[in-house]
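A.B. asks:
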Amino acid sequence: MAKIGRNERCPCGSGKKYKHCCARNPQVEKRPSTPEEQLKISLMKAVEKSVAAASQKQKQIQELGVFVLLSTSRGNCWLFEVTQSDCVQLARDAELLPVPIDENPETIEIEWSHTYRVKDRQMVLTAYSDKSEMVMEDCPVKEVSASIKRIRRKIPQEMLSEIHIG
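Encoded structure:
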């Protein structure tokens, strides 16, 4: 069951805020959450968990759907997307960065800052803003590459080409 925020529009379709409409009505049946909403909840929980690990400078790799989350012992945290090789930094030096994830009931939009590729056993990041390249020094390339390969094996190629995370 997806939790409805008090300030969100009421799911009954009245156009009012939930807190002024059905929030206090015990007879209103709660609607079940959709798979997309469950993924959003799972993604945000995974992001929070990974950022928390980075703030404590703990190395951690999580796989979730088409995403790999990495927190490093230097306090950096990255979210990698497998289908289009996009990524974004969520924490730097144990400090939380603004999370560029916009969620609504139909979609998850992530503002990707970089693309990534493995070259000569190093994770090379290319910024979208100025096309500059940098090597991610604290990336456990072997483990992240293994996670990416596992995800690509789990999801059929036809589905991978149809998934678009924007």
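Residue numbering for the sequence shown follows the numbering used here, starting at 177 and increasing by one per position.
In this text, a Cβ means the ideal position worked out from N, Cα and C, and glycines have one as well.
The structure displayed is predicted, hence computed values, not measured ones.
1) What does DSSP give as the partner residues of V263 in its beta bridges?
2) Between I324, R250, E184, Q265, which lies nearest to V223 when the distance is taken from Cα to Cα?
3) Considering only C-alpha positions, which residue in the set D262, A322, E313 is nearest to W288?
4) Does the separation of the CB atoms of I324 and V244 fall below 9 Å?
5) Who are Q346's beta bridge partners in DSSP?
6) For V300, report the span of its beta strand (DSSP E) as first-last.
7) Roughly how many angstroms lie between the CA atoms of C189 and K307, to the nearest whole one?
8) Starting from V317, trace the alpha helix (DSSP H) both ways and give me its first and last residue.
9) Could you round the C-beta distance between A267 and G251 to whole angstroms and report it? I think they count as a contact, below 8 Å.
10) Within the same chain, show all residues whose beta-carbon is closer than 6 Å to that of S231, passing over the 5 residues directly before and after it, in chain order.
11) For K221, which of helix, strand or coil comes out of DSSP?
12) Less than 8 Å between the CB atoms is what I'm expecting for T248 and D296, so what's the real figure, rounded?
13) Report the option in A199, K221, K318, L255 whose CA atom is closest to the CA atom of I286.
14) Distance check for S218 and H196, CA to CA, integer angstroms please.
15) Thinking just about the alpha-carbon of each residue, which of Q333, H290, E319 is nearest to the one in Y304?
16) Using a Cβ-Cβ cut-off of 7 Å (strictly less than) and excluding sequence neighbours within five positions of A199, which residues of its own chain qualify?
17) Span of the beta strand (DSSP E) holding M310?
C.D. replies: The relevant details are as follows:
1) The displayed chain sequence assigns Cys, not Val, to residue 263. C263 is bridged to F256, H290.
2) When the alpha-carbon of V223 is set against those of I324, R250, E184, Q265, the nearest one is in Q265.
3) The shortest CA-to-CA distance from W288 to any of D262, A322, E313 is the one to D262.
4) The answer is yes: Cβ separation under 9 Å.
5) This structure cannot settle anything about residue 346, because the visible part of the chain is limited to 177 through 342.
6) The continuous beta strand (DSSP E) containing V300 extends over residues 298-303.
7) Inspection of the sequence shows that residue 189 is occupied by Gly rather than by Cys. The C-alpha of K307 is placed about 45 Å away from the C-alpha of G189.
8) V317 -> alpha helix (DSSP H) spans 317-330.
9) So it is a contact: roughly 6 Å between Cβ atoms.
10) So the list reads A270, once near-sequence residues are dropped.
11) Secondary structure of K221 (DSSP, three-state): helix.
12) Contact check for T248 and D296: beta-carbon distance about 20 Å, past the 8 Å limit, so the pair fails to qualify.
13) Each of A199, K221, K318, L255 was checked against the Cα of I286, and the nearest Cα belongs to L255.
14) Their backbone Cα atoms lie some 28 Å apart in a straight line.
15) Selected option, being the one with the closest Cα: H290.
16) Here the set comprises R182.
17) Element bounds for M310: 309-311.
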